[in-house]
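Sequence lines, in order, name chains A and B.
Start counting the first sequence at 1; every next residue gets the next number (this note's numbering).
Start counting the second sequence at 1001; every next residue gets the next number (this note's numbering).
Where is the CB? At the ideal position from N, CA and C, for every residue including glycine.
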Amino acid sequence: MGAAVGPHVKIGRNPKVVARELGRRDGGVLLHLESGQYHGVNSVGWMIWSLIDGTKTLSDLLAEVIHRVDDVPPQLAEDVTQFICELCERNLVTLVSPDTVPS
Amino acid sequence: MAEAVFPEVIAPSPAAALPAGACFGFRVFSTLSFRYLRDGDGEPLWVEAPSDEEPSPGRLVAEWVPRPDRPFHARLHQDGWRYQLWIEDGGWYVVDPGARRITLPRTDDIVRREERLWGIPTVLCFLQRGDLPLHAAAVEVEGAAVLLAAPGRFGKTTLAAALFREGYRVLSEDLSCLRLRPFPQVIPGPAMLRVRRDVADRLKLCGLQAVAESDNRISFTIDKPRRGDCRPVRLRAIVFLKPAHDGIATERVRATDAIPDLWTLSFHMPTDEDRRRCFGGIADLAGSVPVWALHRPLRIEDLPVTVEHILAICRGHG
Chain A
1 MGAAVGPHVK IGRNPKVVAR ELGRRDGGVL LHLESGQYHG VNSVGWMIWS LIDGTKTLSD
61 LLAEVIHRVD DVPPQLAEDV TQFICELCER NLVTLVSPDT VPS
Chain B
1001 MAEAVFPEVI APSPAAALPA GACFGFRVFS TLSFRYLRDG DGEPLWVEAP SDEEPSPGRL
1061 VAEWVPRPDR PFHARLHQDG WRYQLWIEDG GWYVVDPGAR RITLPRTDDI VRREERLWGI
1121 PTVLCFLQRG DLPLHAAAVE VEGAAVLLAA PGRFGKTTLA AALFREGYRV LSEDLSCLRL
1181 RPFPQVIPGP AMLRVRRDVA DRLKLCGLQA VAESDNRISF TIDKPRRGDC RPVRLRAIVF
1241 LKPAHDGIAT ERVRATDAIP DLWTLSFHMP TDEDRRRCFG GIADLAGSVP VWALHRPLRI
1301 EDLPVTVEHI LAICRGHG
């Protein structure tokens, strides 16, 4: 699944998504305005979401998460990659390749 | 000698309209009289007598078709910043939320006209103010509010009436106005209870006056000493009312699990901007107030135990 998000692709938030944090330990919720699909994310997922700003690649995001997490679990990289891929599949994020000229 | 001709309705001006009472945090100014207002202050809301002019409806933005839990037909139109709400068997309400002005339809059924006034027309005005509407009853228990949230025909009003009988103040019986800043609060709405006839007969309610009956429901006004005013009441808990075949049980609901139900019970226009506003509001609400689910049979004989469960939740023992 990591192959779906290339190493130089920057990840941004879909502007059609509304996001809200519920509390420091409660994570957050995302609503896709067009599809009406609603998604809950845990506190780590919310931390990852808050780091997505259109300027970071998957590697950048992973480095940020490792920096913020105490006692990094061995499967963290895989979990973060999986999470990003799920966001892609649900059309909650945008992928911008370095060849794309922003409009 | 020429006869004097007097118009049937004297069109009111703000100068002629008198303060009539308060509802949902608005101080109501009108030449008309009302049954369900409370004491207190608030932002002015002008409620005007019908005009002879038939409104020209703007574009259709929402339509409610009859269904078992909501047996009425209505359409909401928008023309710039104004709205025209048509209700079957009710007529046209013209709403200007920015000017805080609502014009009522001409009708002989003035009780029902007022009940509908405190629905969608006023929602449009308190939405414009930044508050959040929710399809829920609200009752004040020991200084704080509890929301009884459920779709129509799920027993909100019956449970509110049962709590009223035990001495608690009903803040709203079907539609609640919530303010989230600086902390979640309920703004009291109309002082009314519309109760099924069989429920009214069984509960033997006191402190109420019947003012109308229709669709097998009796419309009651709450007596003045038990109305209170329109000052906001801090919100302590939200309780989703769920049907159950047997037994009564309560369970805590996580914020992420509460949001889909709150979304269903909220009011929002079919625009991205308004969906954002609504979703942000209910997410903030779910994240800041404890939410419970109360599973109980919909039987009048189970009401006393159901009331005890609600009170236990309010007292922190749910």
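Spatial neighbours of L1124(B) in its own chain (CB-CB distance under 7 Å, excluding positions within 5 residues in sequence) are listed in chain order as Y1083, V1095, P1097. Residue range 76-89 is occupied by the alpha helix (DSSP H) that includes E89(A). Interface with chain B (7 Å Cβ-Cβ cutoff): V5(A) is excluded. Listed along chain B are R1275, R1276, F1279, G1280, each with a C-beta nearer than 8 Å to that of V18(A).
Looking at the backbone, the Cα of R1252(B) and that of E1115(B) are separated by about 33 Å. Around D53(A), the same chain offers G12, R13 as residues with beta carbons nearer than 8 Å, after the five sequence neighbours per side are excluded. Ranking V1233(B), G1152(B), D1229(B) by CA distance to the CA of R1194(B) puts G1152(B) first. When C-beta distances to chain A are compared with 9 Å, the residues of the stretch 1243-1255 of chain B below that value are R1254, A1255, in chain order. Around the C-beta of D1174(B), 16 or more other C-beta atoms lie within 10 Å, and the residue is accordingly described as buried.
Sequence-distant partners of D1302(B) (beyond 5 residues in either direction) whose C-beta falls short of 8 Å from its own C-beta, in its chain, are I1248, R1296. Nearest in C-alpha terms to G1287(B), of all of R1315(B), A1237(B), C1206(B), is A1237(B). Nearest neighbour of I1259(B) by Cα position, chosen from R90(A), G28(A), V69(A), turns out to be G28(A). In this structure, H1073(B) and E1088(B) form a Cβ contact; the two beta carbons are roughly 4 Å apart against a cut-off of 8 Å.
Taking the beta carbon of D26(A) as reference, the chain B residues within 8 Å of it are R1254, A1255, T1256, G1287, listed in sequence order.
In this structure, DSSP gives D1109(B) a state outside helix and strand, which the three-state scheme calls coil. Annotated three-state conformation of K1156(B) is helix, per DSSP. Within chain B, A1255, T1256, A1283, A1286, G1287 have C-beta atoms less than 8 Å from the C-beta of L22(A), given in sequence order. At a beta-carbon threshold of 9 Å, none of the residues of chain B lie near G12(A); the nearest stands roughly 18 Å away. Assignment of T1306(B) by DSSP, reduced to helix, strand and coil, places it in the helix class.
Along the stretch 35-68 of chain A, going in chain order, the ones with a CB nearer than 8 Å to a CB of chain B are Y38, G40. Taken through DSSP and simplified to helix, strand or coil, H67(A) comes out as helix. Residue contact check for D1272(B) against chain A: a CB pair falls below 7 Å. Chain A has no Cβ within less than 7 Å of the Cβ of I1238(B). The Cβ atoms of V1291(B) and V1233(B) do not sit closer than 7 Å to each other.
The Cβ-Cβ distance between W46(A) and E78(A) does not fall below 7 Å.
Taking a Cβ-Cβ threshold of 9 Å, none of the residues of chain B is close to L76(A); the smallest such distance is about 23 Å.
The C-alpha of S1266(B) lies about 19 Å from the C-alpha of F1183(B).
Looking at the DSSP output, M1192(B) bridges to T1221(B). The beta carbon of E1063(B) is closer than 6 Å to those of R1075 in its chain, skipping five residues each way along the sequence.
The Cβ atoms of V1199(B) and T1158(B) sit closer than 7 Å to each other. With fewer than 16 other Cβ atoms inside 10 Å of its own Cβ, W1081(B) counts as exposed. Closer than 7 Å to the CB of V93(A) there is not a single CB belonging to chain B. Collapsing the DSSP output to three states places P1232(B) in coil. A Cβ-Cβ separation of about 16 Å leaves L1127(B) out of contact with A1136(B) under the 8 Å criterion. Counting of Cβ neighbours within 10 angstroms places C1314(B) among the buried residues, the total reaching 16 or more. Taken in chain order, the complete alpha helix (DSSP H) segments of 4 or more residues contained in the stretch 1116-1172 of chain B are 1120-1128, 1156-1165.
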